[in-house]
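Below: the structure, in structure tokens.
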Amino acid sequence: MILKEKNMESSQALIEKIKNEHQAGRLVLPSLPEIIVRVRQAVNDDDVNLGNVVKLIQVDPSLTARLVQIANSPLYRSRQPVENCLMAVNLLGLSTTRDLVTCLVLNNVFNAESKKLHKRVQKLWQHSCHVAAIASTIAKITPNLHEDTAMLAGLLHDIGVLPVLHYVADYPDILESEKKLDFVIQQLRASLGQQILKEWNFDPALIMVSAEAENWLRDTKEAADYADVVIVAQIHSFFGKDSNLDLPPLLSTPAFLKLGLSKMGADASLEVLFEAEQEIRDIMSMLG
1 MILKEKNMES
11 SQALIEKIKN
21 EHQAGRLVLP
31 SLPEIIVRVR
41 QAVNDDDVNL
51 GNVVKLIQVD
61 PSLTARLVQI
71 ANSPLYRSRQ
81 PVENCLMAVN
91 LLGLSTTRDL
101 VTCLVLNNVF
111 NAESKKLHKR
121 VQKLWQHSCH
131 VAAIASTIAK
141 ITPNLHEDTA
151 MLAGLLHDIG
161 VLPVLHYVAD
171 YPDILESEKK
181 LDFVIQQLRA
191 SLGQQILKEW
201 NFDPALIMVS
211 AEAENWLRDT
221 KEAADYADVV
231 IVAQIHSFFG
241 KDSNLDLPPL
251 LSTPAFLKLG
261 LSKMGADASL
271 EVLFEAEQEI
281 RDIMSMLG
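Position 267 of the sequence shown, counting from 1, maps to 267 under the numbering used here, and the rest follow consecutively.
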């Protein structure tokens, strides 16, 4: 018992440190890349100008090339080949362009100076990409939800983990213990995720996703939203994998029961995602 308490002391100390830093306004939060900030501001402006958005994207030749490539991919392909950034934005539309640019550049936020943390951050990014791909596929067959926003929601749902990984570098015993680190993350990920997305001026619907992504039995009694989609996508992403999360049966989750997938049954919904496996792989590849 004493040993168990000692093992938890450092975890509680880290949790308290992060909470204190948060309350004092000193919390180190990840910064949103400038290109994302500018594109999102331009698209969200009431006097949005398509030409200005295109110019902002073209500042980054790599991003431009990827956007053109995506516009020509099976996910968005039109009858006419897309040859430049202007054609890509015209095809995709401003809202989809905004969300895709955010998704394509967001991996720059998922980095770690410590070699010990690099593997953990990469694992986090890969999980986020997998959830994003599944969420996008689910949203495509869910009324009133957009697949690109669902993809972004999936990428952002665990953004609150990043500040924890920044601070844990000073706690080697936690860094060496998956159990301790997971405990700290579970205590803080939702509140920190909300704070980050508020700082980034993201939509309330996406902020809600970060707060509710692991609230498995969440039931708003309303139509399915992006948090519901990410909850279901997460549960699907863990099928066949070892997880320290106490996941409920899919059919017992209110989020799943709201989706069109539920009318097919759990097995049929798995079949739908199995059939969409190539599309999910394509989305994950697109996200890098």
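From the three backbone atoms N, C-alpha and C, an ideal C-beta is built for every residue, glycine too.
Per DSSP, the unbroken alpha helix (DSSP H) holding D282 starts and ends at E277 to L287. Around the CB of P163, 16 or more other CB atoms lie within 10 Å, so the residue is classed as buried.
In this structure, the beta-carbon distance from Q234 to V131 falls below 8 Å. DSSP assignment within the stretch 2-38 yields the following whole alpha helix (DSSP H) runs of 4 residues or more, N-terminal first: 2-23. Between the stretch 148-162 and the stretch 120-128, the count of Cβ pairs shorter than 8 Å is three or higher; the stretches touch.
Taking 8 Å as the upper bound for CB-CB distance, V121 and A112 are in contact here, some 4 Å apart.
Burial is judged here by how many other beta carbons sit within 10 angstroms of a residue's own beta carbon; I141 has fewer than 16 and is exposed. Beyond the five residues adjoining it in sequence on each side, Q187 comes within less than 8 Å, by CB distance, of I15 in the same chain, given in chain order. The Cβ atoms of A205 and G193 lie no closer than 8 Å to each other.
A distance below 6 Å between beta-carbons, with the five flanking residues on each side excluded, links L67 to the following residues of its chain, in chain order: A88. For the options G160, S31 and L117, the alpha carbon positioned closest to that of A169 is the one of L117.
A residue is called buried once 16 or more other Cβ atoms fall within 10 Å of its Cβ, and L287 is buried on that count. Within the stretch 182-270, the complete alpha helix (DSSP H) runs of at least 4 residues fall at 204-212, 226-237 and 254-258. Counting other Cβ atoms within 10 Å of its Cβ, S95 stays below 16 and is therefore classed as exposed. Around the CB of L247, fewer than 16 other CB atoms lie within 10 Å, so the residue is classed as exposed. In the structure shown, L152 falls within a helical segment according to DSSP collapsed to helix, strand and coil. Taken through DSSP and simplified to helix, strand or coil, G160 comes out as coil. The three-state secondary structure of L117, taken from DSSP, is helix.
For G51, the enclosing alpha helix (DSSP H) has its first and last residue at L50 to Q58.
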